[in-house]
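K.L.:
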Ligand code: GRF
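In the working numbering, the protein residues as written are 678 to 889.
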């Protein structure tokens, strides 16, 4: 069974969704850069090992990332899933785990990389928004996309209502992406593209590839 380490900085609703999906994999540890991250409590309630590596104890990104890698490697994971891990990772760190490191981002990439995606979408009058799960590469939010879900932006949306609608879809597509990777149905190939051996490509119009 594939082993997963989850990295998070906050509430952990995606961790909860991954756990609730009862995937054929084992979450072996949850690691946070913040000791007050609510996601750590979710992990503990499920008997999952937790580790805190506080970024402000380290002089620079390189030394923080080295400490983080040391903790991750103790668990020999097959997949490292970022779920709201609010640190920019160095290229050395990303290269070390290339093909194993995945992230969920609250926008339809490659649009709206970075932070405050929902506010920027509303500001721009965009009509369709969503979320993406992608392999992580050294350029922020630019790695190959595994799955996306799209939602409408309603005329009276606020950041709260829109983020809530997107989050519901995050909770569907992140477990699906992890499921595919754990079953070796999706991977990052030598050219840095997403490859898959899933023959079927079902999907409702707003989610592509579709849930299976
Ligand atoms: C999610 O919106 C995710 O897309 C972003 O950070 C948030 C994490 O939420 N990267 P949670 O901690 O999983 O509830």
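Cβ atoms here follow ideal geometry from the backbone N, Cα and C, with glycine treated the same way.
Could you compute how far the alpha carbon of residue 702 sits from the alpha carbon of residue 860?
P.N.:
Each residue's Cα considered, the two are about 9 Å apart.
K.L.:
Applying the 10 Å Cβ sphere with the 16-neighbour rule, what's the burial state of residue 869?
P.N.:
Flag for residue 869 reads exposed.
K.L.:
Grab me the residues of residue 698's own chain with a C-beta within less than 6 Å of its C-beta, minus the 5 sequence neighbours each way, in chain order.
P.N.:
Taken in chain order, the residues that qualify are 852.
K.L.:
The ligand GRF heavy atoms versus the CB of residue 689: any closer than 6 Å?
P.N.:
For the ligand GRF, at least one heavy atom lies less than 6 Å from the Cβ of residue 689.
K.L.:
Would the beta-carbon of residue 868 be found less than 6 Å away from any heavy atom of the ligand GRF?
P.N.:
Result no, Cβ not under 6 Å from the ligand GRF.
K.L.:
Name, in chain order, the residues that DSSP records as bridge partners for residue 873.
P.N.:
Partner(s): 863.
K.L.:
Among 726, 709 and 822, which residue has its Cα nearest to the Cα of residue 784?
P.N.:
Among 726, 709 and 822, the Cα nearest to that of residue 784 is on 822.
K.L.:
Any contact between the segment 810 to 821 and the segment 774 to 794? By contact I mean 3 or more CB pairs, one from each, below 8 Å.
P.N.:
Counting Cβ pairs under 8 Å, three or more are found: they touch.
K.L.:
Here's the rule I'm using: 16 or more other beta-carbon atoms within 10 Å means buried, otherwise exposed. How should residue 689 be labelled?
P.N.:
Counting Cβ neighbours within 10 Å, residue 689 comes out buried, since at least 16 surround it.
K.L.:
Going by DSSP, what residue range makes up the beta strand (DSSP E) through residue 728?
P.N.:
Residues 726 to 729.
K.L.:
Rounded to whole angstroms, what's the CA-CA distance from residue 741 to residue 730? Just pull it up for me.
P.N.:
So the alpha carbons of these two residues sit roughly 8 Å apart.
K.L.:
Between which two residues does the alpha helix (DSSP H) containing residue 680 stretch?
P.N.:
Where residue 680 is concerned, there is no enclosing alpha helix (DSSP H), although the beta strand (DSSP E) it sits in stretches over 679 to 685.
K.L.:
Is it buried or exposed, residue 711, if we count other Cβ atoms within 10 angstroms and call 16 or more buried?
P.N.:
Looking at its Cβ environment, which holds 16 or more other Cβ atoms inside 10 Å, residue 711 is buried.
K.L.:
Smallest Cα separation from residue 835: which of 796, 757, 771 and 685?
P.N.:
Checking every option, the nearest Cα to that of residue 835 belongs to 796.
K.L.:
Which residues mark the beginning and the end of the beta strand (DSSP E) in which residue 824 is found?
P.N.:
Counting along the chain, the beta strand (DSSP E) containing residue 824 begins and ends at 822 to 829.
K.L.:
How many whole angstroms separate the CB atoms of residue 778 and residue 757, which I take to be in contact at a CB cut-off of 8 Å?
P.N.:
Rounded, the Cβ-Cβ distance is 5 Å, consistent with contact.
K.L.:
Where do the ends of the alpha helix (DSSP H) carrying residue 803 lie?
P.N.:
No alpha helix (DSSP H) holds residue 803; DSSP gives it neither H nor E.
K.L.:
Does the beta-carbon of residue 865 have 16 or more other beta-carbons within 10 angstroms, so that it is buried, or is it exposed?
P.N.:
Looking at its Cβ environment, which holds 16 or more other Cβ atoms inside 10 Å, residue 865 is buried.
K.L.:
Any heavy atom of the ligand GRF closer than 6 Å to the CB of residue 761?
P.N.:
True, at least one ligand heavy atom lies under 6 Å from that Cβ.
K.L.:
Determine the extent of the beta strand (DSSP E) in which residue 758 is found, giving its start and end residues.
P.N.:
Residue 758 -> beta strand (DSSP E) spans 756 to 759.
K.L.:
Which first and last residues belong to the alpha helix (DSSP H) in which residue 771 is found?
P.N.:
768 to 773 is the extent of the alpha helix (DSSP H) around residue 771.
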